[in-house]
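Beneath this line is the structure, given in structure tokens, with notes to follow.
2 protein chains.
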Amino acid sequence: MELRNLITFIHVAELGSFTKAAEQLGYSQSTISFQIKQLEDELGCLLFERINHTITLTERGHELVSYAHRICALTDEFRENMSKDEELSGRIHIVTPDSVCEEMISTHYKDFHNKYPSISVRFSTGDTGDMLDKIDHNEADVIITLDQRLFNKDYVIAKEERLPMHFVASSNSKFAGVKDLSIKDIMNEPFVLTEYGQGYRRIFDRELAKRSLEITPVLEIGRTDIITSVLAENDMISFLPDFVTKDLIESGKLCYLAVTDMNIDIWKQLIYHKNKWLSRSMKTFIEYIKANEFSN
Amino acid sequence: MELRNLITFIHVAELGSFTKAAEQLGYSQSTISFQIKQLEDELGCLLFERINHTITLTERGHELVSYAHRICALTDEFRENMSKDEELSGRIHIVTPDSVCEEMISTHYKDFHNKYPSISVRFSTGDTGDMLDKIDHNEADVIITLDQRLFNKDYVIAKEERLPMHFVASSNSKFAGVKDLSIKDIMNEPFVLTEYGQGYRRIFDRELAKRSLEITPVLEIGRTDIITSVLAENDMISFLPDFVTKDLIESGKLCYLAVTDMNIDIWKQLIYHKNKWLSRSMKTFIEYIKANEFSN
DNA sequence: TCCTGAATATCAATTTTTTCGATGGTAAAT
DNA sequence: ATTTACCATCGAAAAAATTGATATTCAGGA
Numbered sequence: 006m007e008l009r010n011l012i013t014f015i016h017v018a019e020l021g022s023f024t025k026a027a028e029q030l031g032y033s034q035s036t037i038s039f040q041i042k043q044l045e046d047e048l049g050c051l052l053f054e055r056i057n058h059t060i061t062l063t064e065r066g067h068e069l070v071s072y073a074h075r076i077c078a079l080t081d082e083f084r085e086n087m088s089k090d091e092e093l094s095g096r097i098h099i100v101t102p103d104s105v106c107e108e109m110i111s112t113h114y115k116d117f118h119n120k121y122p123s124i125s126v127r128f129s130t131g132d133t134g135d136m137l138d139k140i141d142h143n144e145a146d147v148i149i150t151l152d153q154r155l156f157n158k159d160y161v162i163a164k165e166e167r168l169p170m171h172f173v174a175s176s177n178s179k180f181a182g183v184k185d186l187s188i189k190d191i192m193n194e195p196f197v198l199t200e201y202g203q204g205y206r207r208i209f210d211r212e213l214a215k216r217s218l219e220i221t222p223v224l225e226i227g228r229t230d231i232i233t234s235v236l237a238e239n240d241m242i243s244f245l246p247d248f249v250t251k252d253l254i255e256s257g258k259l260c261y262l263a264v265t266d267m268n269i270d271i272w273k274q275l276i277y278h279k280n281k282w283l284s285r286s287m288k289t290f291i292e293y294i295k296a297n298e299f300s301n
Numbered sequence: 006m007e008l009r010n011l012i013t014f015i016h017v018a019e020l021g022s023f024t025k026a027a028e029q030l031g032y033s034q035s036t037i038s039f040q041i042k043q044l045e046d047e048l049g050c051l052l053f054e055r056i057n058h059t060i061t062l063t064e065r066g067h068e069l070v071s072y073a074h075r076i077c078a079l080t081d082e083f084r085e086n087m088s089k090d091e092e093l094s095g096r097i098h099i100v101t102p103d104s105v106c107e108e109m110i111s112t113h114y115k116d117f118h119n120k121y122p123s124i125s126v127r128f129s130t131g132d133t134g135d136m137l138d139k140i141d142h143n144e145a146d147v148i149i150t151l152d153q154r155l156f157n158k159d160y161v162i163a164k165e166e167r168l169p170m171h172f173v174a175s176s177n178s179k180f181a182g183v184k185d186l187s188i189k190d191i192m193n194e195p196f197v198l199t200e201y202g203q204g205y206r207r208i209f210d211r212e213l214a215k216r217s218l219e220i221t222p223v224l225e226i227g228r229t230d231i232i233t234s235v236l237a238e239n240d241m242i243s244f245l246p247d248f249v250t251k252d253l254i255e256s257g258k259l260c261y262l263a264v265t266d267m268n269i270d271i272w273k274q275l276i277y278h279k280n281k282w283l284s285r286s287m288k289t290f291i292e293y294i295k296a297n298e299f300s301n
């Protein structure tokens, strides 16, 4: 039982004529005969009585008319929902590093939600490896990396931005305001860094290794909000993206250290898989991110 | 969008794999790919995201799963109803002459209805011409004729019976009890007959014509119950099938006249069109009539 | 690191299904 | 009595579905 036959059947039943149905549907008359016969054979019952070139629905036929209408109504309904739906509904799963998640929720989420209340957003956090895995397995719709600049033919980089980073310390630090510092000047101070092997920490370590240096932090912790609050209270140094330290720099609690011999390129990238189907919601989200400051 | 594709789609969605669906459905894997692609092309949207050999339903896909299930459920429901239904429901349209209708309702209907309460019966009345027209146009399911014996390759005669007929008069008639009457003896008496040109009246007139005779009745009326009651009260004669006069003969109000030179073959036939689809109800009805006295 | 196995896409060939056009028979209309 | 309208049927043609082989990619194991 195929929809084609049901549609033909409905027309025949309504017009009371194979010939008229053929005209209306653009088939030849023999096709109509065949399709109806096909239905009848499959269902094992007559749908129309043919007596003297006049067709009349049998009881079964009557029942089928009702079912056929309901079935077609459902397919129509689906098609309609399809086109409407363009705007409606939508779930997006975004995976970011901890720090970005925090920043996005505090900075952008409220506004985004106000603009697009029907889009529901799910945030998860993970390191770069986790995140790439997730888009590779379609467990995340988009990710935001905070790492070395990524290129990969399988990924679409929807937005990217070089991230300013600085060595930061409490404003009371002996290095505060000192000009032309070298990495070697500070490398033996107590450091607070993010977790080993991940994100910009990994790049940081690699850059040090290039110079045959190594720093063993006194505290390692992923949560950058904790790092900044530790820095404010203690005489320690960290290496962080500006967007993390922004508030405390502005309020004067922390300050940048003028280290001149270590320039690290950290990139923030908004990435999705090239095979990803971009739902209306996803497009909306991506456009929103593109239109707004990535980090502020 | 054909049901075949929807069924495939459901299986793929449930199994999360084209390959497994192919095995389960007995298709090759390329067929599944093709069918899903077909659906996607037609709907103009992705149903599954394919990322690294893993398929995931898109939002649209999810919606379609729900619709597809509902659609398939409807077809299943119809098929089930189809088979159940064998016994249930049913309307039969029976057309008979007035007299037969009366007789059937008073004699058989109650019993039939008790045995098959779910079959609803519609009775109409008409003369032989009307009735034949009606089965020719499928406006009646079965008819019962009271006329000359009919043969026709397009009709199925489910049951037939020669109908005894007699000239009848009031028991007080001067002809009551007289033996060896001839038609000529009574032809000038006042007659009450059924309507001209119809059923056995037509045959009666024809038989008279063969003998170059003619009778002009004083009263013509279709309703045989009225004829018999007129006969009982007046000194008149009629020519009627026995089943019509049975009660009044038995109660002694009417009597048969012993006219010996006019033997008319009137037949009662249960007829339907040879192309008629015999529903369960129709079969039941016909069997019932066959199993019972046609006229009693 | 290099296989192997598992998964989907794709393409040409084949099989199946659908459609058409012509024909025939019958009933209704003119 | 002739024409028209209608459905069934059949063989041929066209279209569609299916297959099998092949390609590609990824995951996992040796």
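Protein sequences appear in the order of chains A and B.
Position in the first sequence (from 1) plus 5 gives the number in my numbering.
Position in the second sequence (from 1) plus 5 gives the number in my numbering.
Ideal placement from N, C-alpha and C gives every residue a C-beta, glycine not left out.
The structure displayed is predicted, hence computed values, not measured ones.
CB-CB length for residue i against residue j, believed under 8 Å
i: T130 (chain A); j: I276 (chain A); result: At roughly 15 Å, the Cβ-Cβ gap does not stay under 8 Å, so T130 (chain A) and I276 (chain A) are not in contact.
i: A163 (chain A); j: I291 (chain A); result: 5 Å
i: D185 (chain A); j: T265 (chain A); result: 6 Å
i: E107 (chain B); j: D230 (chain B); result: 6 Å
i: L52 (chain B); j: L62 (chain B); result: 7 Å
i: P284 (chain A); j: A237 (chain A); result: It is worth fixing the name first, because residue 284 (chain A) is Ser in this sequence and not Pro. About 42 Å; that fails the 8 Å criterion.
i: V197 (chain A); j: L155 (chain A); result: No, V197 (chain A) and L155 (chain A) are not in contact; Cβ-Cβ is about 27 Å, not under 8 Å.
i: Q29 (chain B); j: L20 (chain B); result: 7 Å
i: V173 (chain A); j: T289 (chain A); result: With 8 Å as the limit, V173 (chain A) and T289 (chain A) do not qualify as a contact, their Cβ atoms being about 35 Å apart.
i: K281 (chain A); j: E54 (chain B); result: 7 Å
i: D247 (chain A); j: Q203 (chain A); result: With a Cβ gap of about 19 Å, D247 (chain A) and Q203 (chain A) do not count as contacting.
i: Y72 (chain B); j: D152 (chain B); result: In fact, because the Cβ distance is near 58 Å, the residues do not count as touching under 8 Å.
Distance, residue j Cα to residue i Cα
i: I4 (chain A); j: V70 (chain A); result: Only positions 6 to 301 of chain A appear in this structure, which leaves residue 4 (chain A) out of reach.
i: F65 (chain B); j: E82 (chain A); result: The amino acid at residue 65 (chain B) is misidentified as Phe; the sequence shows Arg. Between R65 (chain B) and E82 (chain A), the C-alpha separation is close to 13 Å.
i: N10 (chain B); j: I41 (chain B); result: 7 Å
i: A263 (chain B); j: S187 (chain B); result: 8 Å
i: P102 (chain A); j: E194 (chain A); result: 27 Å
i: S38 (chain A); j: H74 (chain A); result: 20 Å
i: D252 (chain A); j: I226 (chain A); result: 20 Å
i: M267 (chain A); j: E255 (chain A); result: 23 Å
i: I140 (chain A); j: S123 (chain A); result: 24 Å
i: R207 (chain B); j: C260 (chain B); result: 23 Å
i: H16 (chain B); j: C77 (chain A); result: 21 Å
i: I271 (chain A); j: C50 (chain B); result: 37 Å
i: A214 (chain A); j: Y121 (chain A); result: 46 Å
i: Q43 (chain A); j: T13 (chain B); result: 21 Å
i: E219 (chain A); j: A18 (chain B); result: 52 Å
i: T199 (chain B); j: R228 (chain B); result: 7 Å
i: K115 (chain A); j: N297 (chain A); result: 13 Å
i: N157 (chain B); j: F117 (chain B); result: 29 Å
i: I148 (chain A); j: M136 (chain A); result: 6 Å
Contacts that residue i makes with chain B (C-beta to C-beta distance below 8 Å)
i: T80 (chain A); result: M6, Y72, I76
i: R127 (chain A); result: Within chain B, no residue comes near R127 (chain A); the closest Cβ sits about 14 Å away, beyond 8 Å.
i: T61 (chain A); result: N143
i: R211 (chain A); result: By Cβ distance, chain B contributes nothing, its closest Cβ being about 28 Å from R211 (chain A), past 8 Å.
i: N302 (chain A); result: The displayed coordinates of chain A run from 6 to 301. Any statement about residue 302 (chain A) would go beyond what the structure contains.
Residue i: contacting residues in chain A (beta-carbon distance under 8 Å)
i: M287 (chain B); result: Within 8 Å Cβ-Cβ: nothing; M287 (chain B) doesn't reach chain A, min ~10 Å.
i: F83 (chain B); result: E68, L69, Y72
i: I148 (chain B); result: Chain A residues near I148 (chain B): none, gap ~13 Å exceeds 8 Å.
i: R9 (chain B); result: E7
Chain B contact residues for residue i, given Cβ-Cβ distances below 7 Å
i: N86 (chain A); result: E68
Cross-chain neighbours of residue i in chain A, by beta carbon under 7 Å
i: F290 (chain B); result: Going along chain A, no residue has its Cβ under 7 Å from F290 (chain B), so there is no contact; the nearest lies around 14 Å.
Chain B contact residues for residue i, given Cβ-Cβ distances below 9 Å
i: G95 (chain A); result: E64
i: N57 (chain A); result: D141, H142, N143, D159, H278, N280
Listed by chain order, chain A residues near residue i by CB distance under 9 Å
i: C50 (chain B); result: M87, W282
i: E54 (chain B); result: N143, H278, N280, K281, W282
- prompt: When you check each C-beta in the region 254 to 284 of chain B against every C-beta of chain A, which residues fall closer than 8 Å?
  reply: H278, N280, K281, W282, S284
Quiz item: In chain order, which continuous runs of the beta strand (DSSP E) of length 3 or greater are located wholly inside the region 161 to 201 of chain A?
Solution: The qualifying runs are 170 to 175.
- Task: Output, in sequence order along the chain, the residues in the region 131 to 146 of chain A whose CB is closer than 9 Å to any CB in chain B.
- Result: I140, D141, H142, N143, E144
Problem set entry | Uninterrupted alpha helix (DSSP H) stretches inside the region 217 to 244 of chain A (no shorter than 4 residues) | 229 to 238
Unbroken stretches of the beta strand (DSSP E), 3 residues or longer, contained in the region 53 to 97 of chain B:
53 to 56, 59 to 62
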